[in-house]
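For any residue, its number in our numbering is found by taking its place in the sequence shown, counting from 1, and adding 1.
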Amino acid sequence: MKLRSLLFGMMAAVAFTACSDKGEDIPVVEEAKTMLGVKTENLSTRADDAINTLTVYVFNAETGVLEATGDDNSKTATIVEPFEVTEGRKKVIVLANATSNATTLANFLLDTKLLATEGVENLSMNSRVYNVSITKNVINYLGYAEDVAMPTNGINITPTEGDYTNEIKMFRNTAKIVLGGIKLGSKLLDTEEDDVVTEKAYYSNPKLTITGVYILGAQGTTLLAGGEGEWTPALPVAKTFYHATDDAYAAYATDKYIKPELSTELSALVGSYTATMESKDGKQVEVEPGTTFYVYENEADTFSTNAIPHTLLVIAGDIEYDMVVDGQDDPKRITLENRFWSVPVGAVPYTIKESKDYSYIGEFAQGQDRATEIYGDGSKYIGIKRNLQYNVVATINSVGYTTPYGGGDKTMLGVQVRVVPWGEVDFDFEIN
């Protein structure tokens, strides 16, 4: 019994928390065992911020071998009860709504997850890798603000330098695409001739019947964690791409601009939105679908033809308009069925306006100057980045195209991207 007591006295206790607030309960271990406890809070009350499971992985900093894990599968995922670890230098990383069976840090950082396994209320997330030194015979707190009162046997090991101090931030592996609005212009541009604009022909009194909204070319695989840095991409070496429906893929695959080898159909990439829009008396009309999709990162970042397809947000439908036929006084009503208007999400020049809080925006975390440093003066493209929300408003000023990618870069005019708080990116497209 004396030997056992002596061993317990040589151990240290560790507590870990994410997004902690003052006044919260701090786990206290009665005996000074070597333990790690986790407390975290959901990002918000929104469904896609839910943390249902939380798992902490502790690796030996020298060997990279997994030494201990702790988890909470209670569906509330706020506290991981203290679990035993050993003292010394460690690398700690947290996963939410995902788990890994890797036994080394190297393999952990290569572990992947499929888009088909993501759910709106169960989106996978990860923290950065934290390099910490565990002191024995005390409770080591990671993720607390400096002014949080520590118990007698506790110390704060939260980083005091860099972008991620005081709290453990969780980053989603998915990006969120929201079709916030569709505007129908009062006149339509003719794109019927071989899907290339040959002359400035405009048609009036358009009527658009939207038959579907969906995603094509969605990256199908992500790394569970991007890497050891504060923010890194989560693109695996081997890439697969999902399409929304077999019919949509058939049209997309025969497109003259790009013929990607897409994977299988994924129902989550098909929206249920339908609507009818009609412009009269030269007035623009608008609907607000609010249709939402979740996709992984995609490095396709220009309009050039390459092996990586763009992630497209596609509006499908039938279009009607008035056209004056030679020799006739009254206009003729023309109907074109199965037309497409597409937005290559992320593959457009960006601008940044009036963004103050860059928490959770990843590479934008250090503010506008840092974003400009990464992406240049606006002549480059941001692509699909995880943990960003892309808010899209599409203005339709043309009769559309026979395939989802239509006229290549000529389909996009008047594009603006705005980075705003909480990881959102606003797109306002005019599709001509």
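All residues carry an ideal CB built from backbone N, CA and C; glycine is no exception.
The three-state reading of DSSP puts alanine 269 in helix, counting H, G and I together.
Contact between glycine 213 and glycine 272 holds: their C-beta atoms lie close to 7 Å from each other, under 8 Å. For asparagine 61, the enclosing beta strand (DSSP E) has its first and last residue at 55–61. For asparagine 138, there is no enclosing alpha helix (DSSP H), as DSSP marks it with neither H nor E. In the structure shown, the three-state DSSP call for threonine 118 is helix. Separation of alanine 51 and asparagine 123 (C-alpha to C-alpha, rounded to the nearest whole angstrom) is 6 Å. For glycine 65, the CB contacts under 7 Å within the same chain, skipping 5 residues up- and downstream, are Thr105, Leu106 and Ala107 in chain order. For the pair glycine 71 and threonine 175, the Cα-to-Cα distance works out to about 24 Å. Sixteen is the threshold: since fewer than 16 other Cβ atoms of the shown chains lie within 10 Å of the Cβ of threonine 118, the residue is exposed. For the pair proline 207 and valine 394, the Cα-to-Cα distance works out to about 19 Å. With contacts defined by Cβ atoms closer than 8 Å, threonine 113 and threonine 222 form a contacting pair. Sequence-distant partners of threonine 210 (beyond 5 residues in either direction) whose C-beta falls short of 6 Å from its own C-beta, in its chain, are Thr277, Gly318 and Asp319.
Alanine 107 sits in a helix when the DSSP states are folded into three classes.
The DSSP-derived three-state label of aspartate 282 is coil. Here tyrosine 274 has Val214, Pro290 and Thr292 as same chain residues with Cβ atoms under 6 Å from its own Cβ, once five neighbours each way along the sequence are excluded.
No residue range can be given for serine 101, since it is assigned to no beta strand (DSSP E) and is classified by DSSP as neither H nor E. Around the C-beta of serine 134, fewer than 16 other C-beta atoms lie within 10 Å, and the residue is accordingly described as exposed. In the DSSP annotation of this structure, valine 130 is not part of any beta strand (DSSP E), being labelled neither H nor E. Taking C-beta atoms as the reference points, phenylalanine 341 and threonine 396 fail to come closer than 8 Å. Taking a 10 Å sphere around the C-beta of aspartate 73, we find 16 or more other C-beta atoms and assign the residue as buried. Annotation for glutamine 285: Lys184, Leu185, Gly186 and Ser187 place their beta carbon closer than 7 Å to its own, counting only its chain and skipping 5 residues before and after.
Contact check for threonine 136 against asparagine 98 fails: the beta carbons are separated by 8 Å or more.
Distance from the Cα of leucine 217 is smallest, within the candidate group Leu267, Arg173, Gly181 and Gly182, for Leu267.
Membership of lysine 333 in the beta strand (DSSP E) is indicated by the continuous run 333–345. DSSP links arginine 90 through a beta bridge to Ser134.
Sequence-distant partners of serine 101 (beyond 5 residues in either direction) whose C-beta falls short of 6 Å from its own C-beta, in its chain, are Phe109, Asp112 and Leu225. With a threshold of 16 other beta carbon atoms within 10 Å, glycine 283 falls short and is exposed. Cβ neighbours of tyrosine 58 within its own chain (closer than 6 Å, five residues either side excluded): Thr70 and Ile94. Look at aspartate 49 here: in three-state DSSP terms it is helix.
Around the CB of asparagine 141, 16 or more other CB atoms lie within 10 Å, so the residue is classed as buried. Sixteen is the threshold: when 16 or more other Cβ atoms of the shown chains lie within 10 Å of the Cβ of lysine 386, as they do, the residue is buried. Taking a 10 Å sphere around the C-beta of arginine 173, we find 16 or more other C-beta atoms and assign the residue as buried. Taken through DSSP and simplified to helix, strand or coil, arginine 387 comes out as coil. Taking the Cα of glycine 182 as reference, the smallest distance to any Cα among Gly89, Gly401, Leu115 and Leu314 is reached at Leu314.
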